[in-house]
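Beneath this line is the structure, given in structure tokens, with notes to follow.
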Amino acid sequence: MDAFQGLMTGFQVALSLEGIMFVLIGVVVGTLIGMMPGLGPISAIAIMIPITYGMDPAPALVMMAGVYYGAVFGGSTSSILLNAPGISGTVATAFDGYPMAQQGKAGKALAIAAISSFVGGTVSVVMLMLLAPALSSVAISFGPPAYFALMFMGLTAISSLSEGSTIKAMIAAVAGFMVVTIGIDPQTGTQRFTFGNVNLFDGFDFLIIALGLFAVAEVCMLILNRKNRSLSDDQKLGSLKLSKADLKEMSGPVSRQSFVGFLLGVLPGAGATIASFISYIFEKRIAKNPEEFGKGSVKGLAAPESSNNAATSGAFVPLLSLGIPGSGTTAVMLGAFLVLGVQPGPLLMTDRPEIFWGIIASMYLGNVFLLILNLPLIPYLAKILSIPRPLLISLVIMFSLIGVYSISFNVFDLYMLLVFGALGFAMRIFSFPAPPFILAFILGGMMEQAFRQSMTISNGSLSIFVDSPLPLSLLLVALVSLLVPAFLKWRSNRLAYKQR
Amino acid sequence: MLASINRKLGLLLFIVAAVYLYLSFQLPNYEYAPIDADVIPKGLGILLLVLSVFLFFSRVAETDAEKAKRNIPKKELGVIAAVFAMIFVYILLFETIGFIITTALFIFFCSWFLGYRAWKTNILVSLLFPIVMYAIFVFALGIVLPRGILPF
Numbered sequence: 001m002d003a004f005q006g007l008m009t010g011f012q013v014a015l016s017l018e019g020i021m022f023v024l025i026g027v028v029v030g031t032l033i034g035m036m037p038g039l040g041p042i043s044a045i046a047i048m049i050p051i052t053y054g055m056d057p058a059p060a061l062v063m064m065a066g067v068y069y070g071a072v073f074g075g076s077t078s079s080i081l082l083n084a085p086g087i088s089g090t091v092a093t094a095f096d097g098y099p100m101a102q103q104g105k106a107g108k109a110l111a112i113a114a115i116s117s118f119v120g121g122t123v124s125v126v127m128l129m130l131l132a133p134a135l136s137s138v139a140i141s142f143g144p145p146a147y148f149a150l151m152f153m154g155l156t157a158i159s160s161l162s163e164g165s166t167i168k169a170m171i172a173a174v175a176g177f178m179v180v181t182i183g184i185d186p187q188t189g190t191q192r193f194t195f196g197n198v199n200l201f202d203g204f205d206f207l208i209i210a211l212g213l214f215a216v217a218e219v220c221m222l223i224l225n226r227k228n229r230s231l232s233d234d235q236k237l238g239s240l241k242l243s244k245a246d247l248k249e250m251s252g253p254v255s256r257q258s259f260v261g262f263l264l265g266v267l268p269g270a271g272a273t274i275a276s277f278i279s280y281i282f283e284k285r286i287a288k289n290p291e292e293f294g295k296g297s298v299k300g301l302a303a304p305e306s307s308n309n310a311a312t313s314g315a316f317v318p319l320l321s322l323g324i325p326g327s328g329t330t331a332v333m334l335g336a337f338l339v340l341g342v343q344p345g346p347l348l349m350t351d352r353p354e355i356f357w358g359i360i361a362s363m364y365l366g367n368v369f370l371l372i373l374n375l376p377l378i379p380y381l382a383k384i385l386s387i388p389r390p391l392l393i394s395l396v397i398m399f400s401l402i403g404v405y406s407i408s409f410n411v412f413d414l415y416m417l418l419v420f421g422a423l424g425f426a427m428r429i430f431s432f433p434a435p436p437f438i439l440a441f442i443l444g445g446m447m448e449q450a451f452r453q454s455m456t457i458s459n460g461s462l463s464i465f466v467d468s469p470l471p472l473s474l475l476l477v478a479l480v481s482l483l484v485p486a487f488l489k490w491r492s493n494r495l496a497y498k499q500r
Numbered sequence: 001m002l003a004s005i006n007r008k009l010g011l012l013l014f015i016v017a018a019v020y021l022y023l024s025f026q027l028p029n030y031e032y033a034p035i036d037a038d039v040i041p042k043g044l045g046i047l048l049l050v051l052s053v054f055l056f057f058s059r060v061a062e063t064d065a066e067k068a069k070r071n072i073p074k075k076e077l078g079v080i081a082a083v084f085a086m087i088f089v090y091i092l093l094f095e096t097i098g099f100i101i102t103t104a105l106f107i108f109f110c111s112w113f114l115g116y117r118a119w120k121t122n123i124l125v126s127l128l129f130p131i132v133m134y135a136i137f138v139f140a141l142g143i144v145l146p147r148g149i150l151p152f
């Protein structure tokens, strides 16, 4: 099936009545949850997963994808209006968006964000459509050693690119991997770390981890910040209209950063947050008047907004064509695939074209919906920011509990949700990043399997990972990505230490 | 010796790694598996052991932002502990008393406890949310939530 035919299949899914409905549900829910400061796309996806039980996989996944990019789209609204980023991918949006809103041009800022996001998202879907099938057809020949090396590279990349200490990020990744070893080993049937507890035989469901480590932990942070102001009723948005000069000023950054964002999204470990910062710095460097940045610059707002949305679609490339997520959020997306019995990877395009192409085609549609939602309807949508914090906290707790209960009907899992919630909160307090943990948890089982398959092929010799060029080069990249930043940090610390 | 927070965390993680590693060595072996179930856990245990030592001896000073994150007033920690206790009681009663009643009580008291004083809206939300969710899950999605002492 060539790409054109595939895309037609995809549009049949996306443009069916059911398809349109679920894209719409996905992007609306994503936008609303993404807007809530403190609740990120991981929580949004995890909370929505129970809704998909028993649904057809194609519309269900079209909806889940919508939740994801909808959350990134919606995150900008609270960055601009409250200076409280809805998600970490829109932190850079607040740099210029909030000053603009303070100057009484909130409407203009929202319009710039919406249009930049739309262009970034759409350009990126076009590239996703071109790149994902190509990568799929290459990846089909990958053996277990290459897969193991790829996943290993993903984990080292996310650890070295995480905010703060690389050691802490690596500890988080190892801990996530350790948690997935709990349960009956699928290959030998050995019970590992179950202490004979029947509830642990199947290990932890990923939803417990995702909701605990993200939704419940985010609730704890919301409790700490519950007295922060929410949107007051009398805040004026101002006109949403953009002048021709504004559009002209946006065109440069938007067209450049859509590509930058996409590429950073494809790479493992980067994603929307890093993409938005890099794009912001990029545009500031090349701008004729960099001093305007941070004071309400049109360029400074357009750059991160086009970039973070482009990165979001870019992140679907490794997920759809390799079946390997490169970030915490796509790890949870992979979980959503697996819940529905769909295994993403090189075979997805040929075996389930309606899902592969359906998701891609639905993103065109979803971005149009998001533009409509975020331009004319934004004054009404922004009202959700005035929900009182205490009520929001109680409701998110309830959504998390219902979500976990509806996968297992087991009260034990609810207690575990509480345990992982506490762990997630502790990780936030002590500055251990949570995305490496969830990525390692999702990849851990697959990595162990790939490792053992490789070792069975080679009869127990580790040389299988260095004998062929692909695994070897991937492992080298992984090593470099860990050692170089660690070395640079070590050197700068040593200098600082000596000076003291 | 345990002056910095990284030292304390390093020590804690060292103990976790040691316990995990000890348990990994207790795993049974099978003769015919080339790579047995204990290989990866042992590797992970050793890795965490090494990383915890690195963390213990790392000279990286905590940034002010990190320190601020850690510095939470005792009272606020008490509030979070109280919310966790409420969730615990909720889970305890959830299956016997039933979804609708426990959820309504939880939302009302949790929101009230966190400082929401508009009690009319609070009662309305506390009643509507569980009923709507129950209807969606049980009737639309076919996921059975505990009925408890209510007849429907």
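These protein sequence lines are chains A and B, in that order. Quick note: the first sequence uses full-length UniProt numbering, first residue 1, plus one each step. Quick note: the second sequence uses full-length UniProt numbering, first residue 1, plus one each step. Even for Gly, the Cβ is constructed at its ideal location relative to N, Cα and C.
With DSSP collapsed to three states, give me the class of GLN187 of chain A.
-> coil
Identify the contact partners of LYS69 of chain B in chain A, using a Cβ-Cβ distance below 9 Å as the criterion.
-> ARG428, ILE429, PHE430, SER431
TRP119 of chain B classed as buried or exposed, judged by whether at least 16 other C-beta atoms fall within 10 angstroms = exposed
Identify which residue in A:ASN309, A:PHE193, A:GLY328, A:GLY75 has its Cα closest to the Cα of LEU128 of chain A.
-> A:ASN309
Hey, is THR103 of chain B's beta-carbon within less than 8 Å of any beta-carbon in chain A?
-> yes
Given that VAL53 of chain B touches chain A, what residues does it touch there, using C-beta distances under 8 Å?
-> Chain A residues near VAL53 of chain B: none, gap ~10 Å exceeds 8 Å.
Just the Cα atoms here: how many angstroms apart are PHE337 of chain A and GLY104 of chain A?
-> 43 Å
Specify whether the region 251–269 of chain A and the region 314–326 of chain A touch according to this definition: at least 3 beta carbon pairs, one from each stretch, less than 8 Å apart.
-> yes
Excluding the five sequence neighbours on either side, which residues of its own chain have a C-beta within less than 7 Å of the C-beta of PHE204 of chain A, listed in chain order?
-> VAL179, ILE182, MET416
Name the one or two DSSP bridge partners that ARG192 of chain A has.
-> A:GLY183
Taking 8 Å as the CB-CB limit, is residue 154 of chain B close to chain A?
-> Not covered by the structure: residue 154 of chain B. The range shown for chain B is 1 to 152.
Within 10 angstroms of the Cβ of PRO151 of chain B, are there 16 or more other Cβ atoms? Answer buried if so, exposed if not.
-> exposed
Please confirm whether any heavy atom of the ligand ATP lies closer than 7 Å to the CB of ILE397 of chain A.
-> By its list of ligands, the structure shown contains no ligand whatsoever, and the ligand ATP lies outside what it can speak to.
Looking at the unbroken alpha helix (DSSP H) that takes in PRO283 of chain A, where does it start and where does it end?
-> Per the sequence shown, the amino acid found at residue 283 of chain A is Glu instead of Pro. Per DSSP, GLU283 of chain A belongs to the alpha helix (DSSP H) from 272–286.
Can you find a C-beta in chain A that's less than 8 Å from the C-beta of GLY142 of chain B?
-> yes
Alpha carbon to alpha carbon, what distance is there between ALA140 of chain B and SER88 of chain A?
-> 34 Å
Between VAL132 of chain B and chain A, is there a C-beta pair that is closer than 8 Å?
-> no
Start and end of the alpha helix (DSSP H) containing GLY89 of chain A?
-> No alpha helix (DSSP H) contains GLY89 of chain A, which DSSP labels as neither H nor E.
Between which two residues does the alpha helix (DSSP H) carrying VAL128 of chain A extend?
-> With the sequence shown as reference, residue 128 of chain A is identified as Leu, and Val is not the correct amino acid for it. It spans 106–139 - the alpha helix (DSSP H) in which LEU128 of chain A sits, taken as one unbroken run.
Would you identify the three-state DSSP class for GLU292 of chain A, choosing helix, strand or coil?
-> helix
Tell me where the alpha helix (DSSP H) around ASN122 of chain B begins and ends.
-> 119–134
Distance between GLY358 of chain A and GLN12 of chain A (C-alpha atoms, nearest Å) = 8 Å
Flag ASP202 of chain A as yes if its beta-carbon sits less than 8 Å from any beta-carbon of chain B, otherwise no.
-> no
Interface positions of the region 386–412 of chain A facing chain B (Cβ-Cβ less than 8 Å), listed along the chain = PRO388, ARG389, PRO390, LEU391, ILE393, SER394, LEU395, ILE397, MET398, LEU401, ILE402, TYR405, SER406, PHE409, VAL411
Would you verify that the beta carbon of ALA169 of chain A is, or is not, closer than 8 Å to some beta carbon of chain B?
-> no
Does any CB atom of chain B fall closer than 8 Å to the CB of ASP467 of chain A?
-> no
Within the 8 Å Cβ cut-off, does ILE97 of chain B reach chain A?
-> no
Under a Cβ-count criterion, where at least 16 other Cβ atoms within 10 Å of its own Cβ denotes burial, should ASP185 of chain A be classed as buried or exposed?
-> buried
For ASN83 of chain A, which three-state DSSP category applies?
-> coil
Indicate whether the contact test is met: 3 or more Cβ pairs, each with one atom in the region 460–478 of chain A and one in the region 190–203 of chain A, closer than 8 Å.
-> no
Mind the definition here: the region 373–392 of chain A touches the region 164–173 of chain A only if three or more C-beta pairs lie below 8 Å; say whether that holds.
-> no
Straight-line CA distance for ALA134 of chain A to LEU347 of chain A?
-> 12 Å
Verify whether the separation of the beta carbon atoms of SER394 of chain A and ILE107 of chain B is less than 8 Å.
-> yes
Quick one: is MET1 of chain B near chain A, going by C-beta distance under 8 Å?
-> Per-residue confidence for MET1 of chain B stands at a pLDDT of 49, beneath the threshold of 50, marking its modelled position as unreliable; no derived number is given.
Whole-angstrom Cβ separation of ALA157 of chain A and GLY269 of chain A, contact assumed at under 8 Å?
-> 3 Å
Select from A:VAL198, A:SER279, A:ALA426, A:PRO469 the residue whose C-alpha is nearest the C-alpha of GLY120 of chain A.
-> A:SER279
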